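Visitor:
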Amino acid sequence: MNQTEQDGRHYHRPKRRRMRWGRLFIVLIVLAVLLTTVFWGAVWVYKNIIHAPENKPVAADTTIEKDEKLNKRINVLLLGIDDGDSEADKSEPKRTDAMIVASFDPEQHKLSLISLPRDTMVLLPGHTHYEKLNSAYTYGGVAMAKQTIANLLRIPIHYYALLNWQGFIEVINLIGGVDLYVDRDMYYEDPYANLKIDIKHGYQHLDGNQSGQYVRFRSDELGDIGRVQRQQKFLKALGMQMFSVENIAKIPKILATIKDYLETDMDTVTLLKAARSFNILSDNNIRSGMLYGNFYDSPTTGISYWRTTRPEIEKSLTEVDIPFMSVKEGNSDNDPVNGVENVTSQGLGSQQGRSSSSAVKRKEPAEGKKNPEVKKPSAGKESQSSTVKKETKPSPGVSNAPKAEPKKNAPPVIRKPVISNKPQSAPKN
């Protein structure tokens, strides 16, 4: 994409006070490019962003009780939507390929981010069988996605922001690409979706299309978890790129471009409240992580999930400093990771939060509800940081070998990955 510089006759060097807002916009854009938080700056500069109408609530509503401390925070669900690359994909229900909850504390000037793997095993509101988390948006749009994640994390989801991948590509091209160390060869091809990923190992300068390939790749032993970790790595590299002098001058054009790919239900008053907090936000007050869990292969369907437990969820939230609601005493079965979709709560949870010990039997997804997804093995070498055991049987779509009939009493396959939020350093030259 050709880049045009801002006309010097219309661009004035900002004063010191405005530079703080410029830094705010950069921080927000960096978050948004992956998962839509650019709306903070976009609404501030562009008052003509169209606010999407409120979605009607789904039938099964949460019963999360209001808490004074919890209400001081602003929780926003950030969704990255895969519109598909083929005409067939564009006519099919959309999928959320990236999900992050951003939790803001305007009084303490803190920002917490937690990434949610799309393959997380959850019970959707009104459903009787487990599904993958990204199917919530497919079945019920933003309303069901917000409802499901609120139930899962036991936190209120106040707002949402949604960005499709084309907006991601446009912004990366506008800033001139991103420099990144790629730790393995990445190759994936899906002719049906008109999608091809081909990135080589080593130091790379990624344009918008290549960046999209990098953050969407998941054809390795870590699957969706590896993709989440790469998204976080890319986010940090993007932040360094965005703070360059050249890109600060491009902020107005970036916002003008991104607003066409953005959808949010946030009102201007809330946006300004968060913006004032961001004005004095320091790097030390930003915490990020992902939802703990384990790989789980269904013994009856062969579908692979990311299965988490209530203690793991509470640990994940505690580490990134997001307050949550614990389970009401006597109602520990009301849990989307145990078998009932509605959430009940009692006070703020923390390290001492009450964990669920229910023995409710997990229900497997109904036959025929498997996502029509094709995976191909990576041509690159295995990640050195992973200790994930190889699957004892091929996942659907990976091999042309005939599948064995599933045994009725076959035990589930649980694979434990090594998850670390520590950034991986590139090898020295």
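Numbering (the working numbering), first residue to last: -5 to 423.
Beta carbons: idealized from backbone N, C-alpha and C, even for Gly.
All values derive from a computational prediction rather than experimental measurement.
1) Relative to the C-alpha of TYR290, which residue among TYR299, SER282 and ARG178 is closest?
2) Which one of LEU147, HIS121, ASP113 and MET115 has the shortest CA to CA distance from THR312?
3) Who are the Cβ neighbours of LYS66 in its own chain at under 8 angstroms, not counting the five residues just before and after it?
4) Considering Cα atoms alone, identify which of ASP113, SER106, ASP91 and ALA137 is closest to ILE280.
5) Please indicate yes or no: does the CB of LEU200 lie closer than 7 angstroms to some heavy atom of the ligand SAM?
6) Assign HIS121 to buried or exposed, taking buried as 16 or more other Cβ atoms, counted over all protein chains shown, within 10 Å of its Cβ.
7) Looking only at C-alpha atoms, which of LYS104, HIS123 and ILE94 sits nearest to ARG112?
8) Please state if the CB of GLY171 and the CB of LEU200 are separated by a distance shorter than 8 angstroms.
9) With DSSP as the reference, label TYR5 as helix, strand or coil.
10) In angstroms with no decimal places, state the Cα-to-Cα distance between LYS88 and THR114.
11) Which residue marks the beginning of the alpha helix (DSSP H) containing GLU101, and which one marks its end?
12) Compute the distance between the beta-carbons of GLN235 and ASP173, then report whether it is under 8 angstroms.
13) Have a look at the DSSP bridge pairing and note the partners of LEU256.
14) My output table needs one value for ILE163: the three-state DSSP class, helix, strand or coil.
15) For a cutoff of 8 angstroms on Cβ pairs, would you count GLU308 as touching chain D?
16) DSSP has TYR182 in a bridge; who is on the other side?
17) Just verifying my parser: in three-state terms, what is the DSSP assignment at LEU127?
18) Return the first residue and the last residue of the alpha helix (DSSP H) that TYR208 is part of.
19) In whole angstroms, give me the CA-to-CA distance for LYS247 and ARG304.
20) Report back the beta-carbon spacing between THR447 and ILE68 to the nearest angstrom; my notes put them in contact at under 8 angstroms.
21) Using the C-alpha atoms, what's the distance from LEU156 back to VAL484?
Guide: Reading off the structure:
1) What you label residue 290 is simply residue 296 of the sequence shown in a count that begins at 1. TYR290 has its Cα closest to that of TYR299, out of TYR299, SER282 and ARG178.
2) Walking along the sequence shown from the start, residue 312 turns up at place 318. For the residues LEU147, HIS121, ASP113 and MET115, the minimum Cα distance to THR312 belongs to LEU147.
3) Residue mapping note: residue 66 aligns to position 72 of the sequence shown, counting from 1. Around LYS66: ASP99, PRO100 and GLU101.
4) Mapped onto the sequence shown, residue 280 falls at position 286. Of ASP113, SER106, ASP91 and ALA137, the residue nearest in Cα terms is SER106.
5) Although the ligand SAM was asked about, the structure shown includes no ligands whatsoever.
6) Here residue 121 is taken as the residue at index 127 of the sequence shown, counted from 1. HIS121 should be labelled buried.
7) Here residue 112 refers to the residue found at position 118 when the sequence shown is read from its first residue. Looking at the Cα atoms, ILE94 is the closest of the given residues.
8) Mapped onto the sequence shown, residue 200 falls at position 206. Mapped onto the sequence shown, residue 171 falls at position 177. Their beta carbons are under 8 angstroms apart, which means LEU200 touches GLY171 by this criterion.
9) Working through the sequence shown from its first residue, we reach residue 5 at position 11. Caution is warranted here: a pLDDT of 39 is assigned to TYR5, below 50, making its placement in the model unreliable, and no coordinate value can be reported.
10) Sequence index remark: in the sequence shown, residue 88 carries index 94 (1-based). Sequence index remark: in the sequence shown, residue 114 carries index 120 (1-based). Approximately 17 angstroms between the Cα atoms of the pair.
11) Numbered from its first residue, the sequence shown carries residue 101 at position 107. Careful: GLU101 lies outside any alpha helix (DSSP H) and carries neither H nor E.
12) As a working note, residue 235 is residue 241 in the sequence shown. As a working note, residue 173 is residue 179 in the sequence shown. In contact: GLN235 and ASP173 (Cβ atoms closer than 8 angstroms).
13) What you label residue 256 is simply residue 262 of the sequence shown in a count that begins at 1. Note: LEU256 sits in a beta bridge opposite LEU157.
14) Residue mapping note: residue 163 aligns to position 169 of the sequence shown, counting from 1. ILE163 falls in the helix class under three-state DSSP.
15) Within the model displayed, chain D is absent; a lone protein chain is all it includes.
16) Numbered from 1 along the sequence shown, position 188 holds the residue referred to as residue 182. Looking at the DSSP assignment, TYR182 forms a beta bridge with ILE191.
17) For the purposes of this step, residue 127 is taken as the residue at position 133 of the sequence shown. Looking at LEU127 - three-state DSSP - the assignment turns out to be coil, as it is neither helix nor strand.
18) Position 214 of the sequence shown, counted from the start, is the residue given in the question as residue 208. Start and end: 202 to 210.
19) Residue mapping note: residue 247 aligns to position 253 of the sequence shown, counting from 1. Residue mapping note: residue 304 aligns to position 310 of the sequence shown, counting from 1. About 44 angstroms.
20) A question about residue 447 goes unanswered here, because the residues of the chain that appear run from -5 up to 423.
21) Given that the chain is displayed from residue -5 to residue 423, the structure contains no residue 484 and the question cannot be resolved.
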